[in-house]
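First up is the structure itself, then whatever we jot down about it.
There are 4 protein chains.
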Amino acid sequence: MSAANGAPKGRVCLAYSGGLDTSCILAWLIEQGYEVIAYMANIGQEEDFEVAKAKALKIGAKSVHIEDVRKEFVDETIYAAVSANATYENIYLLGTSLARPIIARKQIEIAKREGCDYVSHGCTGKGNDQVRFEISYYALMPTIKCIVPWRIPEFFNRFQGRQDLLDYAAEKGIPVTQTKAKPWSTDENMYHISFEAGILEDPDTTPPADMWKLTVNPEDAPNTPERLVSSITFKDGRPVKVVNAGDGTTHTDSLELFLYLNAMGRKHGVGRLDIVENRFVGIKSRGCYETPAGTILIAAHRDLEGLVMDREVRKIRDTLSPRLAELIYNGFWFAPERELIMSLVDHSQKGVDGSVKIKLYKGSCTIEGRSSAVSLYDRDISSMDIAGGFNPQDSEGFIRTHAIRIKAWEAVKAKKGNQ
Amino acid sequence: MSAANGAPKGRVCLAYSGGLDTSCILAWLIEQGYEVIAYMANIGQEEDFEVAKAKALKIGAKSVHIEDVRKEFVDETIYAAVSANATYENIYLLGTSLARPIIARKQIEIAKREGCDYVSHGCTGKGNDQVRFEISYYALMPTIKCIVPWRIPEFFNRFQGRQDLLDYAAEKGIPVTQTKAKPWSTDENMYHISFEAGILEDPDTTPPADMWKLTVNPEDAPNTPERLVSSITFKDGRPVKVVNAGDGTTHTDSLELFLYLNAMGRKHGVGRLDIVENRFVGIKSRGCYETPAGTILIAAHRDLEGLVMDREVRKIRDTLSPRLAELIYNGFWFAPERELIMSLVDHSQKGVDGSVKIKLYKGSCTIEGRSSAVSLYDRDISSMDIAGGFNPQDSEGFIRTHAIRIKAWEAVKAKKGNQ
Amino acid sequence: MSAANGAPKGRVCLAYSGGLDTSCILAWLIEQGYEVIAYMANIGQEEDFEVAKAKALKIGAKSVHIEDVRKEFVDETIYAAVSANATYENIYLLGTSLARPIIARKQIEIAKREGCDYVSHGCTGKGNDQVRFEISYYALMPTIKCIVPWRIPEFFNRFQGRQDLLDYAAEKGIPVTQTKAKPWSTDENMYHISFEAGILEDPDTTPPADMWKLTVNPEDAPNTPERLVSSITFKDGRPVKVVNAGDGTTHTDSLELFLYLNAMGRKHGVGRLDIVENRFVGIKSRGCYETPAGTILIAAHRDLEGLVMDREVRKIRDTLSPRLAELIYNGFWFAPERELIMSLVDHSQKGVDGSVKIKLYKGSCTIEGRSSAVSLYDRDISSMDIAGGFNPQDSEGFIRTHAIRIKAWEAVKAKKGNQ
Amino acid sequence: MSAANGAPKGRVCLAYSGGLDTSCILAWLIEQGYEVIAYMANIGQEEDFEVAKAKALKIGAKSVHIEDVRKEFVDETIYAAVSANATYENIYLLGTSLARPIIARKQIEIAKREGCDYVSHGCTGKGNDQVRFEISYYALMPTIKCIVPWRIPEFFNRFQGRQDLLDYAAEKGIPVTQTKAKPWSTDENMYHISFEAGILEDPDTTPPADMWKLTVNPEDAPNTPERLVSSITFKDGRPVKVVNAGDGTTHTDSLELFLYLNAMGRKHGVGRLDIVENRFVGIKSRGCYETPAGTILIAAHRDLEGLVMDREVRKIRDTLSPRLAELIYNGFWFAPERELIMSLVDHSQKGVDGSVKIKLYKGSCTIEGRSSAVSLYDRDISSMDIAGGFNPQDSEGFIRTHAIRIKAWEAVKAKKGNQ
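Chains A, B, F and C are the protein sequences, given in the same order.
For the first sequence, position 68 (counting from the first letter as 1) is numbered 68 according to UniProt numbering, and the numbering increases by one without interruption.
For the second sequence, position 393 (counting from the first letter as 1) is numbered 393 according to UniProt numbering, and the numbering increases by one without interruption.
For the third sequence, position 184 (counting from the first letter as 1) is numbered 184 according to UniProt numbering, and the numbering increases by one without interruption.
For the fourth sequence, position 126 (counting from the first letter as 1) is numbered 126 according to UniProt numbering, and the numbering increases by one without interruption.
Here it is as structure tokens:
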């Protein structure tokens, strides 16, 4: 497990997952003559970090850094995305994209601390994650160099399939979990799990029931709905409290309330998604996702905005949310345009305060009411029964004035004989 | 039931619903000295049109016109909205807004045919529907005059509550259904039913289970999911076929397949919504809606676009869909900007052909697969296992080029000491 | 000149210009039984305020308030608009719209101080200014009531033309300037002068040379260009210094430098505009404008942004500038959406620092160079002669990756036989 | 001048300009063992095509194709851009970008006809033009391969400066024009000429007077303005007639009228531009441009739209014009998103018919009037002197209704204590 002869080529900080791919990459980098610092981010994925650490050390990592970044993940990227209702292509909640900048930032911190010349990761050359990692790296440390084995011909030509990796692992003495490979790939963190590739590459294939991991199958979910009465409270567009009268719990810590909502969403089968999306590199791709807490939070947040946000403010923010989602998806978290849009989103969220009642039931998340101390809703003026300060005759002038332009256009249209 | 003394003031075409409000308006218009032509549009609402007709004649309508506009409703406005994924404020499916232009157009046709000087409707002075009707009237017949009793002080001061209307009905011999008034208002058509006002004016009040009318309560829906296998087929973005292998039916007529999807959606509790929205006149309002087929169709249509629509085309169309939804909501169907945006939407829908598999279950509508003969999805290039003509090294240049701008910005940021 | 019999109806704060219209309105309001406080804003228009004050007192104003708001005009609205490059319909620099909120805010201050129940102005019922004033009034004092004589039938029916006003002035002893009325209307402030109505109502009529007031006719402008070398310096998107090596002057005070640029622009015939625009009330209108300093400032500011602003930041800001211009034009300065957009604009302007060289010559304003200490321009990487850290091969991957999507689309297009 | 030993490597269609760079590339490709077909597009640049042809043949081109594409250039891309008012970053008229797809399409036609395996061009690896050419190539012939010498290390390392090219030309017997090289690069076509690099790489350097080529220095332009009375007539947004009463000429052919406007613009010094722009590859670049006819046409076209285009239609189109300009700039003419946006632009241009009066004078282009048979301008309703069917009281309701939302917001703002 020693490095190649002579002086090392340099020091690499590798984003290590503990799986077959990055274990082989770790061994291969050492074989190529690099010193390797392994780095694992705890972003809430299901993983035995100590086992993985021992494995990396056994393969030859000079050191292994395990970093719990869950708190910054939820506070900095997840809740920012929720406050913007950011959904890529109007549907995808960005579970992987939101984790990448958090992982990359810590990796660069370690690379700097450990004096690394290089960073490396195990992402493929066709996907989004390579971009998300590397744009982040370059933003945070413009002089860093990236080693991306899956884009290096001598690597990808050598390892053309899973069997080649298994053979190499055997050769290098890398322990391999004996579970049979699943016919799809996954990426998991606290916010979501993604499934792609393998049998999912036919977009008409319905995912098998046993693929889904985080959430219960809606058909198997409890027959009794879960009602989170006065449940989710927001302050300036960020969740600050979850109350469930049913189980008598209250959660106020940002991470803790998130994990609680995750548990509720999982139990009731909330947050599954199956789509064909457009990768940044221009390739269409089919992905399945489970995002339990995120699905609930965005539904609740969007609902509350109906009560407390000015119509025009909402409309303008809504023109930028898709752009924000797109740039997060594409990997531009550490970019001036992300800061710019977030400055507007943050301004829009001042006063997005209040509580939303939620019902979870067999896969769906339903809003059952909302309230706020700073509501823009005025019961009297809204009422159909009382005037509430509204003069109905004002509407006459409102409508007639709006009709001026339409009448002018119709008159010219008639003249042109287009009607 | 005769008109006032002397020559009539003119002839009015009244949009008549058969209910208490428009029955009183009918009587009141006659009392004011107008000749009234009553007009009822069959837009798929639950109604005994013959009973309503007899009632209008009894009150004194000179004639009553009942028009079935369901086919043009589904073909012209509903499917146009589906093809644009048009949702107001990202959530409301526009059920009332899409019906208004269809109703108004027919009303103007009748007004012209019957030589009317005026049109009239029973909408209040605070709502959206007055705008939708009148902008449509003015667009289609710029010289028409509108009589809107709920904006005329002598009318709205006389009729300050339901009891005043009941008293007037008794006085005028207008038959009143003896059912107790519900503590909310509704507006129903083939696409949806809306609920507002009354107890719903407190936005934190959960709607009672017996309010919902079109859809089964999800908790009471069948325990067995409904799978519409290869179910909804689109051609140029419009639904052309629904197949349900479960019940062995196939539907291809535009109206018939819509009604079938409605039946399926109702059975499985799909399409309920409870929101606070922003009316065009600047008032916030709480509304509840049931839109079964619409909910299914937009989910299926949006999913199919992932497979067959170019990313940039989708992105550009998505910047205009909210504007389209807004202008439909505000009443500008017969307006140049609606025609303009639809020209782009129609262009974008060329080639939105294919089929989507749907599962309906206890309130939710889930996509289980999609296929198309003109898919832009390329399994080989998408695959993580084979190259499929893709050179992974190209990604290197792609990323490095995208990083140039980010590095330049970070360098200046560092110079400014902002980091 | 006395008020009507009995107790006054209330106290009105009237925006008074000193001209025939508002003088008659002042007299008429008194005749109607109101106490009138006259208010004149000094926004840099050409006016003898003392003469106007004496006139108002003579007519019967209870008091006259003259307020110099030029500094807040330039600092709060003019430079905000410049920092956003705000131009309505891509062409109009908003000279009137930017003055209105400043005037209205001071008027409400006075109205509050003087215990007024009403505010009043002399704007017509067809224009934009009534909206701009009144939306500002209602925002700043929701309970205020507006008296708008030109929308009151007893007023506008009585005064149907200029002669009726002259007769009334004679009757009331209102002094009238003996100059012959010009065949157009004007509105002047420090930022611009507008011309409309009269002979300009034919949009094909070329404005006569003697109409233009602020700027020299380009044909009569100096034959020698004015070069403001290193002339206009911006800090965070706002002008902070103007240097003219030609006349040896330097100006750094925000108001003073503005007035200096105005003088330069006027001398060289810069800033004339002749357009047909769309009023908020839906009417098309022909207007001519002179905006000397504004034209120079926006040209310089936009140029500097090319050097110091990130491409994507600029692109996003540019999607909101038209909306900002529109809402300012429509009168929504004191509105949440204006604050929202300005929050993004202000963020975008951090680091818009640097200097721009300007040449003024016979009506045109030409950029001759620009520099900044925080430039994002990198001479080496831009150079066609040296590599500057750029690897030309990266472009290969960049292009080939961008082509993936295009190739997929062309393949399907060919399949569809659309080509 | 012979090819390498053995069979040729394949056949290349080279975009040949006749200059030093592409002459060396031609020789080098032959040296590398390729057969080369030289192709020159006549896009209106100043060039002796016969001399260039002889030169290419002398160097060893198998054949030389000279193609006059001026008509399709003006009809297909220039007038499309004018009809959209397409300007990149709100300022640049896209002169090079609009020529590239026209050149590339003809090149692919020739490549197919001549059985070429490759296409080649002389663009650098840092610029926009490589992208514009290659995206067009790949769109029109997905299987084509590109040889781009300035991105091939053995080429760009061998030719590191102009002297290396001159030495190679001498070695290969390539005739070189004896004029001294200018300290900047140019690209010229009928629409514009661009200047960049060399001394222009300092963005603060004012371009020397003798750099500008197409247009007269404004200071040297005629002292008498040129008035094109009723001059430019558009039909559906495209210019169809130019009349100059001054010289008695009328032009109606699309190419001819364009060349005439070019001559007028050149004479009066119209259309110069000096900017720092953002290249697609993420590099900032300083460029100077002369676009005489384009500057006049867009000014006239935009003005006419004020008269004949509905406000909302204009506003929506204006949200897409910047995106259209961007994608043209980036090289995506042959892309689905360009077709999509043009479908909307074309719809918006129906009825953009009418004439605009223009004055050209010492560098500026001024609008002096406009008229149309399908104007949406209504003199009566616009008039400040007559009612024209407008009821001023309608404005009251219009304003009061718009104020509802603002008052609600101010009330909550006060509650939050933010005011």
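Idealized CB from N, CA, C, for every residue including glycine.
Quick caveat, the model's predicted, so the values are computed rather than measured.
For residue 244 of chain F, the pairing in a beta bridge is given by DSSP as F:249. In terms of Cα proximity to residue 189 of chain C, the closest of C:73, C:44 and C:24 is C:44. With its beta carbon at least 7 Å from every one in chain C, residue 333 of chain A lies outside the interface. For the options B:402, B:36 and B:186, the alpha carbon positioned closest to that of residue 280 of chain C is the one of B:402.
Under the Cβ distance rule, residue 84 of chain A does not count among the residues neighbouring chain B, no pair being separated by less than 7 Å.
Counting every other CB atom within 10 Å of its CB across the protein chains shown gives residue 154 of chain C a total below 16, marking it as exposed. With its beta carbon at least 7 Å from every one in chain A, residue 22 of chain B lies outside the interface.
A distance below 6 Å between beta-carbons, with the five flanking residues on each side excluded, links residue 333 of chain B to the following residues of its chain, in chain order: 101. Between residue 365 of chain C and residue 270 of chain C, the CB-CB gap stays under 7 Å.
For the set B:158, B:58 and B:42, the Cα lying nearest the Cα of residue 104 of chain B is the one of B:42. With fewer than three CB-CB distances shorter than 8 Å, the segment 305 to 313 of chain A does not count as touching the segment 117 to 127 of chain A. In the structure shown, the three-state DSSP call for residue 206 of chain A is coil.
Secondary structure in the segment 366 to 405 of chain B: no beta strand (DSSP E) run of 3 residues or longer lies completely within the stretch. Put simply, the segment 399 to 413 of chain B touches the segment 133 to 143 of chain A. At least three CB pairs are less than 8 Å apart. Counting every other CB atom within 10 Å of its CB across the protein chains shown gives residue 222 of chain A a total below 16, marking it as exposed. DSSP places residue 195 of chain A inside the beta strand (DSSP E), whose first and last residues are 193 to 196. Per DSSP, reduced to three states, the secondary structure at residue 40 of chain C is strand.
By the criterion of a C-beta distance shorter than 7 Å, residue 352 of chain F is surrounded in its chain by 234, 236, 237, 304, 305, 308 and 309, once the five residues flanking it on both sides are discounted. Chain-order list of chain B residues neighbouring residue 379 of chain F: empty, with the shortest C-beta distance near 12 Å, by a criterion of under 9 Å. Proximity to residue 114 of chain A across A:363, A:37, A:317 and A:360 peaks at A:37, based on C-alpha coordinates. The beta carbon of residue 183 of chain C sits closer than 7 Å to the beta carbons of 198 and 199 from its chain, once the five residues preceding and following it are set aside; these are given in chain order. Residues of the segment 176 to 206 of chain F with a Cβ closer than 9 Å to any Cβ of chain A: none.
As for any alpha helix (DSSP H) of minimum length 4 sitting wholly inside the segment 33 to 89 of chain C, the runs are 49 to 59 and 79 to 83, ordered along the chain. In terms of beta-carbon proximity, residue 390 of chain C lines the interface with chain F, with at least one pair separated by less than 7 Å. Taking the C-beta atoms as reference points, residue 261 of chain B is found nearer than 7 Å to residue 296 of chain B. Counting along the chain, residue 120 of chain A sits inside the beta strand (DSSP E) bounded by residues 118 to 120. Contact of residue 340 of chain A with chain F is assigned, a C-beta pair being separated by under 7 Å. Residue 236 of chain B is outside the set of residues whose beta carbon lies under 7 Å from a beta carbon in chain F.
Bounds of any beta strand (DSSP E) do not take in residue 22 of chain B; it lies within the alpha helix (DSSP H) bounded by 20 to 31.
Comparing C-alpha distances from residue 76 of chain B to each of B:252, B:339, B:170 and B:177 shows the shortest one belongs to B:339.
Judged by DSSP secondary structure, residue 217 of chain B falls outside any beta strand (DSSP E); it is assigned neither H nor E. Proximity of chain F to residue 416 of chain B at the Cβ level (cut-off 7 Å) is accounted for by 351 and 374, in chain order. An exposed status is given to residue 171 of chain C, since fewer than 16 other beta-carbon atoms sit within 10 Å of its beta-carbon.
For the segment 107 to 134 of chain B, the beta-carbon criterion of a distance under 7 Å to any beta-carbon of chain A is satisfied by 124, 125, 126, 130, 131 and 134. When the alpha-carbon of residue 326 of chain F is set against those of F:162, F:47 and F:132, the nearest one is in F:132. Cβ neighbours of residue 49 of chain F within its own chain (closer than 7 Å, five residues either side excluded): 40, 42 and 66.
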